[in-house]
Amino acid sequence: MIRRALSIAGSAARGGAGIQADLKTFQELGVFGTTAVTAIVARNPRTGEGIFPQSIDAIEAQVYTVLRDIGADAIKTGMLFTEEIITKTAGWIKESSVKHVVVDPVMIGKIGSVLLKEDAIESMKKELLPLATIITPNMPEAAQLLGASELLTIEDLKLAAKELHGLGPAYVLVKGGRLDGPAVDVLYDGQQFYMFEAPRIDTIHTNGAGCTYSAAITAELAKGSTVPEAVEHAKKFITAAIRHSFGFKQGVGPTFHAAYGMYDETACKTWVEEK
Ligand code: PXL
-3 MIRRALSIAG SAARGGAGIQ ADLKTFQELG VFGTTAVTAI VARNPRTGEG
47 IFPQSIDAIE AQVYTVLRDI GADAIKTGML FTEEIITKTA GWIKESSVKH
97 VVVDPVMIGK IGSVLLKEDA IESMKKELLP LATIITPNMP EAAQLLGASE
147 LLTIEDLKLA AKELHGLGPA YVLVKGGRLD GPAVDVLYDG QQFYMFEAPR
197 IDTIHTNGAG CTYSAAITAE LAKGSTVPEA VEHAKKFITA AIRHSFGFKQ
247 GVGPTFHAAY GMYDETACKT WVEEK
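Residue numbering for the sequence shown follows my numbering, beginning at -3 and increasing consecutively.
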C-alpha cells in the first residue's frame, strides 16, 4: 500500500513553507500526504494581521477525519502556535499510536513571524518532544528549547543535541544552517553522532527550508527507512531544493521542492562519530 504522512501544521499561503511545503515534499517522495491546518499565515496589508489560528474543534476534525479514513504511517508537526494546540496534538498523537512522529519545533519564520507563543515552549518540551521519533531544531530553536546562549560551532551543536536528547525524543537532529562554512547537521541517538555535510549555498531564498527538510525525513520514515537513512536522503532533497530556490516578486523566496527529482546532482557526506 502507498505510505501515508499527516502534517499537523500551519498554512503558508506563499506556498514555500508550512503544510504547502510538506505536501509538495511528500508528493515528490512518493508518499500520500494529508493535513490538519493549525493556523493560516498570510499578512493582510490592510489590517496588518498575519496569523489566523484555527479552533481546536476544526483542528481535531481534520486529525480525526484523516486518521479514520486514510490513516498515517508517520505524523509530522510544524507550526502549533499555542499551548492548547500542543497539548491537544500530543493527545491525538498518543491516541493514534502512529509509528513515526517527526516534531519540527517551529518558533520563528524566516520573515520574522512568531509561529509559537513564548508561553507554549514549556508544553512543547514536556508533552510533545518525548513522543518524537526525531526532533529537528535549527540553531536558534535548539538554544531557545535549552534556555542556552547562541550556538556557534559544531561542538555547540553536539552538546545541544545531547542535552535535547535528555528531554525524551529517540533522535535529535540539530541543523547547522547558520554555521560558518559547510552546512553540517548533527544527529544524536543517545549513543553516537551521525554527521551530515553538504556545501553551503549562497542564497537568501530559504523560506520553508526547515519544513521541507523535516517533511522529507517524515516521508522517508513513512516508507520504512531507518532514521539515519531518512536524514541522509532528506539532506540531499533539501540541498537540491535550496540550490534551485528563487526569489519571485519580493521578500525571501521559497526553496524549490521539485528540484531533487529534476536535477540529479546532489551529494551529502555522512560519517559517524563516537561521543
Ligand atoms: O518555515 C517555518 C514556517 C512554518 N510554518 C508556517 C510558516 C513558516 C514560515 O514562513 O509560514 C505556516
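For every residue, glycine included, the Cβ atom is placed at its ideal position computed from N, Cα and C.
Nothing here was measured: the structure is a model prediction, and the numbers come from that model.
- Closest option to Pro126, judged by alpha-carbon separation, among Ile234, Val102, Leu160, Ala5: Leu160.
- Spanning the alpha carbons of Ser109 and Ile47 requires a straight line of approximately 8 Å.
- Under the three-state reduction of DSSP output, Leu2 falls in the strand class.
- Scanning its chain for C-beta atoms nearer than 6 Å, with the 5 sequence neighbours on each side dropped, one finds around Gln58 the residues Ala32, in chain order.
- Pairwise C-beta distances place the stretch 165 to 180 out of contact with the stretch 215 to 222, as fewer than three of them are shorter than 8 Å.
- Phe192 is positioned such that its CB atom lies closer than 8 Å to that of Thr266.
- Here Phe189 is bridged, per DSSP, to Tyr184, Glu269.
- Excluding the 5 residues flanking it on each side, Ala215 has same chain C-beta neighbours closer than 7 Å at Ala1, Thr21, Phe22, Leu25, Val27, in chain order.
- Judged by their CB atoms, Val99 and Leu63 are not nearer to each other than the 8 Å cut-off.
- Under the rule that a run must span 4 or more residues, the alpha helix (DSSP H) segments found entirely inside the stretch 191 to 242 read 205 to 218, 223 to 239.
- Val168 sits away from Tyr190, with the two beta carbons spaced by 8 Å or more.
- Secondary structure of Phe48 (DSSP, three-state): strand.
- Distance from the Cα of Ile197 is smallest, within the candidate group Ser7, Val180, Cys207, Glu56, for Val180.
- Between the ligand PXL and the CB of Ser241, the shortest heavy atom gap is not smaller than 7 Å.
- According to the DSSP secondary-structure assignment, His96 is paired through a beta bridge with Ala70.
- Within the chosen limit of 7 Å, the ligand PXL reaches the beta carbon of Ser7 through at least one heavy atom.
- Your pair Lys95 and Asp18 does not check out as a contact, with CB atoms roughly 18 Å apart and the cut at 8 Å.
- Around Ser92, the same chain offers Leu63 as residues with beta carbons nearer than 6 Å, after the five sequence neighbours per side are excluded.
- Each residue's CA atom was taken as its position, placing Cys264 and Glu80 some 38 Å apart.
- The closest heavy atom of the ligand PXL lies 7 Å or more from the beta carbon of Val110.
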